[in-house]
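For the sequence shown, the positions run 3 to 264 when my numbering is used. Ideal Cβ placement from N, Cα and C applies to all residues, glycine included. Model, not experiment: these values are computed from the prediction. Here's the structure we're looking at; comments come further down.
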Amino acid sequence: MIEGNLNDMNLVGLVRDGVDAIVHLAGQPGVRLSWGSDFTAYTRDNIDATQRLLEAARDAPSLVRFLNASSSSIYGQAETFPTTERTLPQPFSPYGVTKLAGEHLGSLYKSNHGVPVSSFRFFTVYGPRQRPDMAFTRFLRAALAHRTLTIYGDGTQIRDYTYVGDIARALILALDYDGELPAVMNLAGGSSVSVNEVLASIESVTGRTLAIEYLSSVKGDVFRTGGDTTVAQTILGWEPITSLDEGIRLQYEWIRTVPHIA
C-alpha cells in the first residue's frame with residue numbers, strides 16, 4: 003500500500019518494473035464545484051495527473067492493461083437514450099470537459115506510444131463507501147438523523163444509477179480479459195429512474211418518511227442519463243446484477259455501521 007498524490011509521486015519508478023495493470027480511479031469528481039476558481043483543481047487532478055500517469059506507463063515494459071475511469075458526464079445533454087459509445091461527446095459542465103480530456107489523453111498515448119488504455123464511462127455510481135457529498139449518502143444520512151434533505155431541481159431529473167459492486171466486477175473482468183479492449187465502454191446500471199423515485203425507494207428501505215426541500219437546479223447538471231451497455235456485455239460478458247432497491251439497502255446497512263456519518 004503506497005499512498006500519494008499522482009501529481010507529486012515518482013510514477014516512473016512506481017510502475018516501471020513488474021506492473022502489468024493500472025486501474026486509474028484517481029481524480030476530482032463532482033459537477034457543482036467545477037466552475038470558477040475551483041476549476042484548477044479539476045484540471046490538476048483529472049488532466050495533469052492522468053497525463054503524468056500515462057507518461058510513466060509508456061515506460062512500463064510489462065504493462066498489458068491501463069483502465070481509466072471516465073464518466074457519463076462526457077455526454078452532456080445526450081439526444082438519444084440509451085446512449086451508446088458512438089454518441090458525440092458534448093460535456094455540459096467543466097467537470098465533464100476534464101473527464102473527456104482524460105479519455106483523449108489515453109487515446110493519444112495508445113496511438114503514439116502503445117499504452118493499452120481503455121476508458122470506462124461510469125454512470126452515477128453509488129453504494130457502500132460512497133463519497134459524503136453524493137446524493138444517496140446525503141439522503142440516507144438525512145433519513146437516519148430525521149433531518150430535512152435538499153434536492154437540486156424538482157426531482158424529475160433521471161439518472162442511470164450503477165451499484166459499485168457491479169462496477170468493480172466489470173473492472174475485474176477487464177483485467178482478466180485476453181485481448182485488446184475497445185477504447186471506451188459504458189458501465190451503467192440500467193435503472194434510469196427519477197430522483198423522486200429514488201426518494202420513494204429510500205423511504206421504503208429505511209421505513210422513514212423524508213422531509214424534502216427542493217432548491218434550484220445546479221448549473222451543468224443534465225436532466226437525464228442512460229447508458230447502453232451492449233459493448234461491455236459483448237466484450238466482457240458483463241451486465242449489472244444489483245437492483246436499485248437492493249443497492250440502496252446495502253448502502254443503508256453500511257451507513258448505519260459508520261457512526262461519524264450517521
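What did DSSP end up calling residue 44 once you bin it into helix, strand or coil?
For this step, residue 44 is matched to residue 42 along the sequence shown. Three-state result, residue 44: helix.
Own chain residues within Cβ distance below 7 Å of residue 84, not counting five before or after:
Locating residue 84 in the sequence shown gives position 82, where the first residue counts as 1. The beta carbon of residue 84 sits closer than 7 Å to the beta carbons of 228, 229, 230 from its chain, once the five residues preceding and following it are set aside; these are given in chain order.
Give every residue of the same chain whose Cβ lies closer than 8 Å to the Cβ of residue 264, excluding the five residues on either side of it in the sequence, and list them in chain order.
By 1-based counting over the sequence shown, the position of residue 264 is 262. In this prediction, residue 264 has a pLDDT of 48, which is less than 50 and means its spatial position is unreliable; nothing more can be read from the coordinates.
8 Å Cβ shell around residue 60 - same chain, five flanking residues per side excluded
The residue labelled residue 60 in the question sits at position 58 within the sequence shown. So the list reads 111, 115, 116, 117, once near-sequence residues are dropped.
Touching by the beta-carbon criterion (3+ pairs, under 8 Å), the segment 163–177 and the segment 123–135:
yes
To the nearest angstrom, how far is it from the Cα of residue 239 to the Cα of residue 185?
Mapped onto the sequence shown, residue 239 falls at position 237. Mapped onto the sequence shown, residue 185 falls at position 183. The straight-line gap from Cα to Cα measures roughly 17 Å.
Comparing C-alpha positions only, which one of 80, 176, 88, 15 sits nearest to residue 68?
Numbered from its first residue, the sequence shown carries residue 68 at position 66. The shortest Cα separation from residue 68 among 80, 176, 88, 15 belongs to 176.
Cβ-heavy atom distance between residue 233 and the ligand FMN below 7 Å?
The ligand FMN is not among the ligands present in this structure, which contains no ligands whatsoever.
C-beta contact flag for residue 17 and residue 62 at 8 Å
Working through the sequence shown from its first residue, we reach residue 17 at position 15. Working through the sequence shown from its first residue, we reach residue 62 at position 60. Yes, Cβ-Cβ distance for residue 17 and residue 62 is below 8 Å.
For the alpha helix (DSSP H) that contains residue 71, what are its first and last residues?
On the sequence shown, position 69 is the one that residue 71 refers to. It is not in any alpha helix (DSSP H) - residue 71 instead sits in the beta strand (DSSP E) that spans 67–73.
What three-state label does DSSP hand residue 252 in the structure shown?
Taking the first residue of the sequence shown as 1, we reach residue 252 at position 250. Correct three-state label for residue 252: helix.
How should residue 246 be labelled, buried or exposed, when 16 other C-beta atoms within 10 angstroms of its C-beta is the threshold for buried?
Counted from its first residue, the sequence shown places residue 246 at position 244. Per the 10 Å Cβ criterion, buried.
For the beta strand (DSSP E) that contains residue 152, what are its first and last residues?
Locating residue 152 in the sequence shown gives position 150, counting from the first residue. Segment 151–154, the beta strand (DSSP E) holding residue 152.
What would DSSP say about residue 229, mapped onto helix, strand or coil?
Against the sequence shown, residue 229 aligns to sequence position 227. Strand at residue 229.
With respect to the beta strand (DSSP E) encompassing residue 274, which residues constitute its N-terminal and C-terminal limits?
A query on residue 274 cannot be resolved here, the shown segment of the chain reaching from 3 to 264 and no further.
Could you give the C-beta distance for residue 55 and residue 8, rounded to a whole number, given that I count them as a contact under 8 Å?
Counted from its first residue, the sequence shown places residue 55 at position 53. Counted from its first residue, the sequence shown places residue 8 at position 6. Rounded, the Cβ-Cβ distance is 6 Å, consistent with contact.
Residue span of the beta strand (DSSP E) that contains residue 121, given as start and end
Taking the sequence shown and counting its residues from 1, one reaches residue 121 at position 119. Segment 119–124, the beta strand (DSSP E) holding residue 121.
Assuming residue 219 contacts residue 155 (C-beta within less than 8 Å), just tell me the rounded distance between them.
As a working note, residue 219 is residue 217 in the sequence shown. As a working note, residue 155 is residue 153 in the sequence shown. With a Cβ gap of about 4 Å, residue 219 and residue 155 count as contacting.
Quickly, what does DSSP pair residue 189 with across the bridge? List them, please.
For the purposes of this step, residue 189 is taken as residue 187 along the sequence shown, with counting starting at 1. Note: residue 189 sits in a beta bridge opposite 124.
For residue 86, which three-state DSSP category applies?
On the sequence shown, position 84 is the one that residue 86 refers to. DSSP places residue 86 in coil when its eight states are reduced to three.
Taking the alpha-carbon positions, what's the residue 195 to residue 19 distance?
Walking along the sequence shown from the start, residue 195 turns up at place 193. Walking along the sequence shown from the start, residue 19 turns up at place 17. Using only the alpha carbons, I get a separation of about 45 Å.
Below 8 Å between beta carbons: does that hold for residue 123 and residue 193?
Along the sequence shown, read from residue 1 onward, the residue named residue 123 stands at position 121. Along the sequence shown, read from residue 1 onward, the residue named residue 193 stands at position 191. No, Cβ-Cβ distance for residue 123 and residue 193 is not below 8 Å.
Using DSSP's beta-bridge definition, name the partner residues of residue 160.
As a first step, residue 160 must be located in the sequence shown, where it is residue number 158. Its beta-bridge partners are 196, 226.
Using 10 angstroms around the beta-carbon of residue 13, count the other beta-carbons present and answer buried if the total reaches 16, otherwise exposed.
Taking the first residue of the sequence shown as position 1, residue 13 is located at position 11. Under this definition residue 13 is a buried residue.
For residue 36 versus residue 77, is the C-beta distance shorter than 8 Å?
As a first step, residue 36 must be located in the sequence shown, where it is residue number 34. As a first step, residue 77 must be located in the sequence shown, where it is residue number 75. Not closer than 8 Å, so no.
Please return the same chain residues whose Cβ sits closer than 6 Å to the Cβ of residue 49, not counting the five positions on each side in sequence.
Residue 49 sits at position 47 when you count from the first residue of the sequence shown. Same-chain partners within the cutoff: 100, 103.
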